[in-house]
Amino acid sequence: MAKLTVHTLLPLLCLTLVLATPNPTPQAEITTISSSPSTPSPTPSTICNNSPDLCTRAYNNITHLGAHDSPFVRDPSTGNSVAGNQYYNATVALSAGVRLLQAQVHFSNHSSSSSSSSGEGAGGGGDGGVLRLCHTDCRLMDAGRLEDWLGTIRVWLEGNGNEVVTLLLVNSDDRGRGVFGEVFERAGLGGYGFVPGLTSNSTSNSTSTSSAGSNSSGSNSSAGSNSTGTIVWPTLQTLITANTRLVVFIASLPAVSSSAQETADSQTYPYLLNEFDHVFETAYNITDPSAFNCALDRPANTTFSSSSTSSSSSSSSSTSSTSNSGTDNKEGTLAQQALAAGRLPLLNHFVYLQLTPDIWIPSASGVNATNSPSEADGDVGALGRHIKSCRQEWGASSSSSASSSSSSSSSTGNGTEGDSKPVFVLVDFYNHGPAIEAVDRANGVVGIGRAKEPVPSSSSSSGEQWNQNQAWAIIVASVLSAVSLVMVWYIFRNSRCWVCWGCCGQSHPEGYYRN
Numbered sequence: 046m047a048k049l050t051v052h053t054l055l056p057l058l059c060l061t062l063v064l065a066t067p068n069p070t071p072q073a074e075i076t077t078i079s080s081s082p083s084t085p086s087p088t089p090s091t092i093c094n095n096s097p098d099l100c101t102r103a104y105n106n107i108t109h110l111g112a113h114d115s116p117f118v119r120d121p122s123t124g125n126s127v128a129g130n131q132y133y134n135a136t137v138a139l140s141a142g143v144r145l146l147q148a149q150v151h152f153s154n155h156s157s158s159s160s161s162s163s164g165e166g167a168g169g170g171g172d173g174g175v176l177r178l179c180h181t182d183c184r185l186m187d188a189g190r191l192e193d194w195l196g197t198i199r200v201w202l203e204g205n206g207n208e209v210v211t212l213l214l215v216n217s218d219d220r221g222r223g224v225f226g227e228v229f230e231r232a233g234l235g236g237y238g239f240v241p242g243l244t245s246n247s248t249s250n251s252t253s254t255s256s257a258g259s260n261s262s263g264s265n266s267s268a269g270s271n272s273t274g275t276i277v278w279p280t281l282q283t284l285i286t287a288n289t290r291l292v293v294f295i296a297s298l299p300a301v302s303s304s305a306q307e308t309a310d311s312q313t314y315p316y317l318l319n320e321f322d323h324v325f326e327t328a329y330n331i332t333d334p335s336a337f338n339c340a341l342d343r344p345a346n347t348t349f350s351s352s353s354t355s356s357s358s359s360s361s362s363s364t365s366s367t368s369n370s371g372t373d374n375k376e377g378t379l380a381q382q383a384l385a386a387g388r389l390p391l392l393n394h395f396v397y398l399q400l401t402p403d404i405w406i407p408s409a410s411g412v413n414a415t416n417s418p419s420e421a422d423g424d425v426g427a428l429g430r431h432i433k434s435c436r437q438e439w440g441a442s443s444s445s446s447a448s449s450s451s452s453s454s455s456s457t458g459n460g461t462e463g464d465s466k467p468v469f470v471l472v473d474f475y476n477h478g479p480a481i482e483a484v485d486r487a488n489g490v491v492g493i494g495r496a497k498e499p500v501p502s503s504s505s506s507s508g509e510q511w512n513q514n515q516a517w518a519i520i521v522a523s524v525l526s527a528v529s530l531v532m533v534w535y536i537f538r539n540s541r542c543w544v545c546w547g548c549c550g551q552s553h554p555e556g557y558y559r560n
C-alpha cells in the first residue's frame with residue numbers, strides 16, 4: 046500500500062469542505078425573459094441616480110457604489126452559504142442605490158445548464174455550454190444563467206428610466222465577444238448599451254466615429270481597443286436622454302485584432318467594453334483592513350500614455366496580479382499615469398477570511414467597520430477613509446484628461462474641479478456601513494428615492510447567526526474526518542486481521558488472517 050502523506054490527504058480535505066458547503070439553488074428572482082423586448086423611451090428627468098445634482102456631471106466624475114459578486118447571496122436560498130458576498134440580490138441592491146453590479150461568469154456545460162432555446166452552444170464553439178453565474182466553480186455556487194440574470198436587470202431598467210447602471214463581468218473562461226453579445230441581445234439589453242465616442246483629436250479603425258451615447262449595434266463607432274484617443278464620457282442626463290443607460294465592462298475580452306471574428310463581433314456588439322482598456326483597479330486580495338491602498342494592481346505590466354486610452358496591456362490582465370500592489374512612489378505614479386491616460390479608477394474594498402492557503406471566503410465579521418463612511422485617521426480600513434486617502438494620494442494634478450474634456454462645466458464631488466476620486470467602489474455586503482453614505486459623501490450629495498432593503502425573516506436571522514461559526518466548523522469537521530481516515534488506514538495497515546481490529550493478536554480460525 047502506498048504511503049499516506051499530507052499530499053494524498055489534501056484532496057480528501059478539499060472534497061470534504063466542498064461537500065460540507067450548502068448547495069445553493071438559483072435565486073427565486075430569476076425568471077425566463079422574452080428575447081425581443083421593446084426599449085421604452087426614457088422619462089424626462091430632474092433626478093439622476095438618486096440625486097438632482099448628478100444629472101449634469103459626467104459619468105466619470107461620479108463615484109458609483111458597486112456590489113462585489115452581486116449574484117452570490119448569503120441568505121436562506123443558498124443555505125446562508127459562507128461563499129456569498131451579499132445579503133440581497135441584484136435588483137434589491139439597485140433599488141437601494143447600488144449602481145455597479147459585478148459578477149463572475151463561467152462557460153458551463155453542466156447538465157442543468159442546457160436549454161434548447163438558449164442557442165449558446167453555437168456561439169461558444171458548439172460544445173453545448175451556456176454562460177452561467179458561478180462563484181469560483183459552478184459546483185460550489187451556481188446562481189443560474191447569465192441571460193436570466195440580465196433579464197432581471199433589463200426589467201429593472203424599464204421601471205427606472207432615470208437611472209444609469211454599470212455591469213462588470215469577469216470572463217472566467219475567456220469567451221469571445223460574440224458569446225456575450227448573443228446573450229445580451231437575447232436578454233433585451235443590447236439597445237441600452239452605451240458606446241463611447243472619442244475626442245476630436247482621436248483616430249479610429251472605424252470609418253466613422255459615433256457621437257457619445259450611440260447605441261446602434263451595427264454602427265461603426267469605435268470602442269475599447271478599436272480606438273485611440275481619450276474617451277468622452279457624457280453626463281448622466283445625456284445617457285438618460287439617449288436611453289443608453291447601461292455601461293458594460295468585461296474582464297477581459299480577446300484583442301479585437303486577434304481574429305477576424307473578434308473584429309466583426311466588436312462592430313456588432315460595440316457596447317461590450319474590455320475593462321482594462323478603460324479601468325484600473327486597486328488590489329483585491331486583502332485579508333487585513335489595514336492593507337487597503339491606492340496603488341494600481343491591475344492591469345499589470347502596462348504602460349500608459351496620456352494621449353490615448355489604449356496601452357500595451359493585454360486581455361490576460363484579468364489574471365490576479367500583485368506586482369503593482371505596493372505603495373511606493375513608483376507604483377503611486379502608475380496610478381497617476383493611468384488617471385492621466387483617462388482610465389477610470391476602481392477601489393476594491395472588501396476583506397477575505399483566509400481559511401487555508403487555497404480557501405478564501407468573504408469576511409462578514411467587522412463589515413460595518415469596513416464599509417463605514419468614516420474618514421477619521423483612526424478608523425483604519427473604513428471605506429470613507431480609503432476614498433479620502435486615494436483622493437489625496439492621486440491628487441488633483443493627476444485628474445484624467447477625459448474628465449476635464451468631457452465635463453468642463455460640471456463639478457465633481459464636494460464641488461472640487463478636477464478631483465481624482467474613485468469612479469467605482471466595490472464592496473461586500475453593501476447594505477452595511479452604510480457604504481452608500483461613504484459614496485454620497487464622495488459625490489457631495491444627499492441621496493433621495495432609494496428603497497429600503499426588506500427586513501430579514503427570523504429564519505434568515507437565525508441562519509446568519511449560525512453562519513458566524515460555520516466556516517470554522519467546516520474546517521474542524523474536515524480535519525477530524527482526515528484524522529479518522531488516517532487512523533483507519535493505519536489500523537488496517539498494521540493489523541493482521543480482516544474482521545475486527547480489536548481481535549488482533551488473538552487466535553482465530555484460518556481465513557481471518559490476511560496473507
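All letters in the sequence shown, in the order written, are residues 46 to 560 by the working numbering. Glycine residues also receive a C-beta, built at the ideal position from the N, C-alpha and C atoms.
Inset, instruction - Evaluate the contact criterion for the region 398 to 405 versus the region 287 to 301: three or more CB pairs, one atom per stretch, below 8 angstroms. - result: no
Inset, instruction - Can you tell me which of the three DSSP states Asp187 falls into? - result: strand
Inset, instruction - Quick one: measure Cβ to Cβ for Glu320 and Ser335, integer angstroms, because I've assumed they're closer than 8 angstroms. - result: The Cβ separation is near 27 angstroms, so there is no contact.
Inset, instruction - Could you name the residues of the same chain whose beta carbon sits closer than 7 angstroms to that of Tyr132, not counting the 5 residues immediately before and after it, in chain order? - result: Val118, Arg119, Asp120, Phe474 and Asn476
Legend entry - Through-space distance from Leu318 to Asp333, alpha-carbon basis: 32 angstroms
Legend entry - Distance, Thr327 Cα to Tyr104 Cα: 20 angstroms
Inset, instruction - Spatial neighbours of Leu213 within its chain, please: CB distance less than 6 angstroms, with the 5 preceding and 5 following residues excluded, ordered by chain position. - result: Gln147 and Phe294
Inset, instruction - List the residues that DSSP assigns as beta-bridge partners of His323. - result: Bridge partners of His323: none, in fact.
Inset, instruction - Confirm, please, whether the CB-CB distance from Leu191 to Leu202 is below 8 angstroms. - result: no
Legend entry - Local Cβ density within 10 Å of Val396, reported as buried at 16 or more and exposed below that: buried
Legend entry - Ser356 in three-state terms, based on DSSP: Here Ser356 scores only 46 on pLDDT, less than 50, and its place in the model is too uncertain to base an answer on.
Legend entry - Alpha carbon of Asp389 to alpha carbon of Gly492, nearest angstrom: The question names Asp, but residue 389 in the sequence shown is Leu. Roughly 23 angstroms between the two C-alpha positions.
Legend entry - Separation of Thr289 from Gly236, as counted between CA atoms: 7 angstroms
Inset, instruction - Output the distance between the C-alpha atoms of Val127 and Val150, rounded to the nearest integer angstrom. - result: 19 angstroms
Inset, instruction - Out of Asp114, Thr211, Arg222 and Cys435, point me to the one whose CA is closest to Thr181's CA. - result: Asp114
Inset, instruction - Using the DSSP secondary-structure output, state which residues sit across from Cys435 in a beta bridge. - result: Answer is none; Cys435 lacks a bridge partner.
Legend entry - Beta-carbon proximity list for Asp422, same chain, < 6 angstroms, skipping 5 on both sides: none
Inset, instruction - Would you mind sorting Ser408 into buried or exposed? The rule is 16 or more other CB atoms within 10 Å of its CB. - result: buried
Legend entry - C-beta atoms of Arg102 and Val210 nearer than 8 angstroms: no
Legend entry - Per DSSP, cross-strand counterpart(s) of Gly223: Paired residues: none, contrary to the question.
Inset, instruction - Please go through the same chain and pick out, in chain order, the residues whose beta-carbon is closer than 6 angstroms to the beta-carbon of Leu139, but skip the five residues on each side of it. - result: Trp201
Legend entry - Contact set for Asn413: own chain, Cβ-Cβ below 8 angstroms, skip 5 residues either direction: His477 and Gly478
Legend entry - Local conformation of Thr283 per DSSP, three classes: helix
Inset, instruction - Alpha carbon to alpha carbon, how far is Glu307 from Trp194? Give it in angstroms, no decimals. - result: 25 angstroms
Inset, instruction - Select from Ile92, Gln381, Phe469 and Arg184 the residue whose C-alpha is nearest the C-alpha of Ile561. - result: A question about residue 561 goes unanswered here, because the residues of the chain that appear run from 46 up to 560.
Legend entry - Per-residue DSSP class, three states only, for Gly242: strand
Inset, instruction - Put Leu341 into one of helix, strand or coil per three-state DSSP. - result: coil
Legend entry - 8 angstroms contact criterion, which Ser419 and Ala427 should meet: CB distance rounded: 5 angstroms
Inset, instruction - Would you decide whether Gln382 is buried or exposed? Buried here means 16 or more other CB atoms lie within 10 Å of its CB. - result: buried
Inset, instruction - Let me know the beta strand (DSSP E) ranges lying completely inside the region 109 to 141, each 3 residues or longer, listed in chain order. - result: 109 to 112
Legend entry - Burial state of Thr378, where buried means 16 or more other Cβ atoms lie within 10 Å: exposed
Inset, instruction - Give the secondary structure of Ile331 by DSSP, where H, G and I count as helix, E and B as strand, and everything else as coil. - result: coil
Inset, instruction - Please confirm whether any heavy atom of the ligand ADP lies closer than 7 angstroms to the CB of Ala496. - result: The ligand ADP is not part of the structure shown, which contains no ligands of any sort.
Legend entry - Residue range of the unbroken alpha helix (DSSP H) whose run includes Ile406: No alpha helix (DSSP H) contains Ile406, which is instead part of the beta strand (DSSP E) from Ile404 to Pro407.
Inset, instruction - Would you tell me roughly how many angstroms separate the C-alpha atoms of Ala483 and Lys497, rounded to the nearest one? - result: 17 angstroms
Legend entry - Residues sharing a beta bridge with Asn393, DSSP: Leu471
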